[in-house]
Amino acid sequence: MKGLVLAAGRGKRLNDITQGENKCLIKLNGKAVVQYAVERLCNIKEITECVVVVGYRAEEVMKIIGNEVAGIKITYCRQYEQKGLIHALETATEALRGDNFMMVLGDEVILDNRYQESVTDFLQSDDMCRIGIIETDNIELVKKTYTFHCDEQLHMIDFLEKPDKPYNNFMGTGNVLFGEKVLDMLGQVPVNPIRGERELVGLFNLLVEQKQHISSFIVGSQYMNLNTRNDLELLQRALKETIVEI
59 MKGLVLAAGR GKRLNDITQG ENKCLIKLNG KAVVQYAVER LCNIKEITEC
109 VVVVGYRAEE VMKIIGNEVA GIKITYCRQY EQKGLIHALE TATEALRGDN
159 FMMVLGDEVI LDNRYQESVT DFLQSDDMCR IGIIETDNIE LVKKTYTFHC
209 DEQLHMIDFL EKPDKPYNNF MGTGNVLFGE KVLDMLGQVP VNPIRGEREL
259 VGLFNLLVEQ KQHISSFIVG SQYMNLNTRN DLELLQRALK ETIVEI
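Right, dumping it as structure tokens:
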């Protein structure tokens, strides 16, 4: 299995903090957020290589990660234009060929992640996709990500991006396990007519239409996607209040 970290975006909403740096380079406890993302993947026993998609300030991201982490080779792919998540996936397609893979976003922070057990179970299943989710009491957080229904077999269906009225209090994340065959479906993902990009939720709904199984796993004890100053302040507060592994 391969790991995939998407770290090409700039993060304009955090520009007052990043001062023009890639937001993945924001430091937490002296280490860049993207370093934690790469390390989490490289510490999964089934991972044999980690692919990192870079774009904005690529050289800085590559320098801070290096060519090897925890004995795992790091391969870089460049996304020269930031055209959304599916385009980033397409950028890494050839590097990912030949294996299943786990994707994470370079600006996501997971506390007490449950990657290892989820990967081991996924590889023994017939799922094409397994999505990291987390329960929240704050429905506004779900509105910032995506929502979904589950059928009677607990397969995930009917995904909706940035919902005005979430279906439930579970929020989807960018932590996703994929079977290799997903790479051949990326070109079929439609453009979101509102945002003008091909999105992750579009891929999920395409898999549902093609009768592929999608399941879920609880990604960790806490989850944060760093998009705003408030996100960063909430995370810093959480780290002070708990003793957990990032």
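In my numbering, the protein residues as written are 59 to 304. For glycine and all other residues, C-beta sits at the position ideal for the given N, C-alpha and C.
Excluding its 5 nearest sequence neighbours in each direction, Ile272 has C-beta neighbours in its own chain below 8 Å: Asp185, Met186, Cys187, Arg188, Ile189, His213, Met214, Ile215, Phe262, Leu265 and Val266, listed in chain order.
For Gln280, the enclosing beta strand (DSSP E) stretches over residues Gln280 to Asn283.
Going by DSSP, Met229 is part of the beta strand (DSSP E) stretching over Phe228 to Phe236. Sixteen is the threshold: since fewer than 16 other Cβ atoms of the shown chains lie within 10 Å of the Cβ of Thr106, the residue is exposed.
DSSP places Ala116 in the uninterrupted alpha helix (DSSP H) bounded by Ala116 to Ile123. Beyond the five residues adjoining it in sequence on each side, Thr133 comes within less than 8 Å, by CB distance, of Glu107, Cys108, Val109, Val110 and Ala153 in the same chain, given in chain order. Going by beta carbons, Lys201 and Pro224 fall inside the 8 Å limit. According to DSSP, Ala90 shares a beta bridge with Lys85. Annotation: Asp209 to Glu118 spans about 44 Å, alpha carbon to alpha carbon. For Ser183, no alpha helix (DSSP H) run applies, since DSSP gives it neither H nor E. For Glu139, DSSP records no beta bridge to any residue. Remark: C-beta atoms of Lys60 and Arg68 do not approach each other more closely than 8 Å. The count of Cβ pairs closer than 8 Å, one atom from the segment 159-172 and one from the segment 89-96, reaches three, so the stretches are in contact.
With fewer than 16 other Cβ atoms inside 10 Å of its own Cβ, Ile252 counts as exposed. Looking at the DSSP output, Tyr134 bridges to Val110. The beta carbons of Gly156 and Arg136 sit no closer together than 8 Å.
Burial of Gln280 is indicated by the presence of at least 16 other C-beta atoms within 10 angstroms of its C-beta. A direct Cα-Cα distance of roughly 32 Å separates Leu241 from Ile197. Our two residues, Ala150 and Ala116, have alpha carbons roughly 15 Å apart in a direct line.
In the three-state reduction of the DSSP assignment, Met243 falls in the helix class, which pools H, G and I.
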